[in-house]
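In this text, residue positions in the sequence shown follow full-length UniProt numbering: the first is 1, and each later residue adds one.
Even glycine gets a Cβ: it sits at the ideal position worked out from N, Cα and C.
If you're wondering where the values come from, they're calculated on a predicted model, not measured in any experiment.
To start, the structure under review is shown below, and the notes come after it.
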Amino acid sequence: MEFWGIEVKAGQPFKALPGDGYIIHLSQASLGESKNKAESVPLYVNVGGKKLVLGTLSHQNFPQLNFDLVFDAEFELSHNWKNGSVYFLGYKTFVPEEGYPFITYY
Numbered sequence: 001m002e003f004w005g006i007e008v009k010a011g012q013p014f015k016a017l018p019g020d021g022y023i024i025h026l027s028q029a030s031l032g033e034s035k036n037k038a039e040s041v042p043l044y045v046n047v048g049g050k051k052l053v054l055g056t057l058s059h060q061n062f063p064q065l066n067f068d069l070v071f072d073a074e075f076e077l078s079h080n081w082k083n084g085s086v087y088f089l090g091y092k093t094f095v096p097e098e099g100y101p102f103i104t105y106y
């Protein structure tokens, strides 16, 4: 298991690919610095051709959100905030074959 974190800058969606046999567990999103504290920032994930809303961040009410999301295929993270970055955190880990560590050979 290894730390996974990215900064998604304004207008620059981020594509993530876990890789064969790996998953990315998305745990948290938080807002970067901003002068305008009244803005709400919707967060999006595009996976399997579908764009879904993960939640909405706000400096005043919800500067960070917790998740328990697991991705085993390519996905894209984005937001529509024009004044800063959003930080996504989690971890990447190897998923062993079914039955590991109890593999039975016949």
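Checklist entry - With Leu69 and Leu26 assumed to form a contact (beta carbons below 8 Å), what rounded beta-carbon distance in angstroms separates them? => result Along the sequence shown, one-based indexing puts residue 69 at 69. Along the sequence shown, one-based indexing puts residue 26 at 26. Distance from Leu69 to Leu26 at the Cβ level is roughly 4 Å; contact confirmed, criterion being Cβ atoms closer than 8 Å.
Would a C-beta distance cut-off of 9 Å place Gly32 and Phe88 closer than the cut-off? One-based indexing of the sequence shown puts residue 32 at position 32. One-based indexing of the sequence shown puts residue 88 at position 88. No, these two residues do not count as a Cβ contact at 9 Å.
Environment of Leu77 [buried if 16+ CB atoms lie within 10 Å] = Reading the sequence shown from its first residue, position 77 is the one you call residue 77. That one is buried.
query: Given a threshold of 16 other Cβ atoms within 10 Å of its Cβ, counted over all protein chains shown, does Gly90 qualify as buried or as exposed?
result: Locating residue 90 in the sequence shown gives position 90, where the first residue counts as 1. Around the CB of Gly90, 16 or more other CB atoms lie within 10 Å, so the residue is classed as buried.
Item to check | For Pro42, the residue or residues it bridges with in DSSP | outcome: Counted from its first residue, the sequence shown places residue 42 at position 42. In DSSP, Pro42 forms a bridge with Thr56.
inquiry  = Taking the beta strand (DSSP E) that Phe75 belongs to, which residues open and close that run?
reply    = The count along the sequence shown starts at 1 and reaches residue 75 at position 75. Segment Phe75 to His79, the beta strand (DSSP E) holding Phe75.
Using only the alpha-carbon positions, how far apart do Lys50 and Glu74 sit?
If you number the sequence shown from 1, residue 50 lands on position 50. If you number the sequence shown from 1, residue 74 lands on position 74. Those two C-alpha atoms are separated by around 12 Å.
**Report entry** Where Asn61 sits in the DSSP three-state scheme
**Finding:** Counting from 1 along the sequence shown, the entry for residue 61 is found at position 61. In the structure shown, Asn61 falls within a coil segment according to DSSP collapsed to helix, strand and coil.
Exercise. Mind checking who Phe88 pairs with in its DSSP beta bridge?
Key: As a first step, residue 88 is located in the sequence shown; it is residue number 88 there, counting from the start. Per DSSP, Ile6 and Ala29.
Query raised in the report: What is the residue span of the beta strand (DSSP E) that Lys15 lies within?
Result: Position 15 of the sequence shown holds residue 15. Bounds of the beta strand (DSSP E) holding Lys15 are Phe14 to Ala16.
Helix, strand or coil for Asp68? Go by DSSP, reduced to three states. For the purposes of this step, residue 68 is identified with residue 68 of the sequence shown, where counting begins at 1. Looking at Asp68 - three-state DSSP - the assignment turns out to be strand.
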